[in-house]
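Inspection log for the structure reproduced underneath, given as structure tokens.
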Ligand code: NAP
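Residue numbers (my numbering): 0 to 238.
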């Protein structure tokens, strides 16, 4: 497979760890981010990866991002749909804007990203797509129903595309992380995080590199017969 990967949401958290993991394994890496230019440029300088500002909820941005990747790195062989947003609110308080923010950030963005990258993969009749769902998309989550719904939607999308694209030589898999130590969990206080860690079989939160290496595995030559899978990276939080 062509070892060029496009990672969305690479400026920090799981995405930044994925940028490092793929670079370490000899991949050419492009990543996009929404607004943290300073962090993105520092990561690009550190790793040699190509950083592109693009809001993946906007089709035009996604298309331009793909064009830039083609100009600099050529066609892609793998796509990691990692960019996402979270929000905590009771269901009865959700507004239309809340719903759209989360659905667009987590689901529409993946629709646009995969559509933009697909011609490269179909042309090669080879390629890997990894989506980043969540344990909450598998198990449901109180006070994060729209987040859980968006992440459950990703699971349905990933399985459907595995069926639809398999004969084109394209594998589609999904990781469903548990609670990983990133800014996304900054809304939780220390007691809540301790409680979440205690609920896992391994008794701790996950690290970004642990998710990143799982994503890299799913794109790699070690996973050529793996498709349509939802791989939990949860430390046994939900099994
Ligand atoms: P994070 O630290 O909040 O980082 C989010 C990344 O996504 C940033 O690079 C951000 O760019 C980018 N991003 C967000 N919206 C974007 C947009 N519209 N366009 C382009 N880039 C966008 O998140 P994380 O914890 O690493 O999570 C990464 C993925 O894993 C998400 O899909 C999340 O739902 C999923 N996940 C996380 C956990 C967890 O416990 N952390 C658990 C399960 C699943 P900027 O830096 O420019 O804002």
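Using N, Cα and C, we set each Cβ at its ideal position, and we do this for glycine too.
Bear in mind that the values here come from a model prediction, so they are computed numbers and not experimental data.
What ranges does the beta strand (DSSP E) occupy inside the region 18-79, keeping only unbroken runs of at least 3 residues that lie completely in it?
27-32 and 49-52
Can residue 106 and residue 152 be called in contact, C-beta distance under 7 Å?
yes
Measuring from the CB of residue 176, is there a heavy atom of the ligand NAP at a distance below 6 Å?
yes
Rounded C-alpha distance that separates residue 130 from residue 190:
30 Å
Touching or not, the region 22-29 and the region 136-143, by the rule of three or more beta carbon pairs under 8 Å?
no
Please identify the residue among 214, 186, 134 and 208 whose C-alpha is closest to the C-alpha of residue 233.
134
Check whether the region 71-79 and the region 92-108 are in contact - that is, three or more C-beta pairs closer than 8 Å.
no
For residue 199, which of helix, strand or coil comes out of DSSP?
coil
Could you check if residue 186 is buried or exposed, using at least 16 other CB atoms within 10 Å of its CB as the buried criterion?
exposed
Quickly, what does DSSP pair residue 244 with across the bridge? List them, please.
Since the first residue shown for the chain is 0 and the last is 238, residue 244 is missing from the structure and cannot be characterised.
Residues in its own chain within less than 6 Å of residue 54 by CB, not counting five upstream and five downstream?
33 and 60
In this structure, how does DSSP classify residue 136 when only helix, strand and coil are distinguished?
helix
Kindly list the residues whose CB is nearer than 8 Å to the CB of residue 196, restricted to its own chain and excluding five residues on each side of it in sequence; keep chain order.
178, 202, 203 and 204
Alpha helix (DSSP H) runs wholly inside the region 176-223, at least 4 long, in chain order:
189-197 and 207-218
Below 7 Å CB to CB, which residues in the same chain sit around residue 214 once its five sequence neighbours on both sides are set aside?
17, 79, 129 and 174
Whose C-alpha, out of 222, 162, 81 and 121, is nearest the C-alpha of residue 210?
81
Can the beta-carbon of residue 12 be found closer than 7 Å to that of residue 207?
yes
Heavy atom of the ligand NAP within 6 Å of residue 33 beta-carbon:
yes
Looking at residue 206 and the ligand NAP, is the gap between the Cβ and the nearest heavy atom below 6 Å?
no
CA-to-CA distance, residue 237 to residue 66, given in whole angstroms
39 Å
Just verifying my parser: in three-state terms, what is the DSSP assignment at residue 234?
coil
Distance check for residue 96 and residue 87, CA to CA, integer angstroms please.
14 Å
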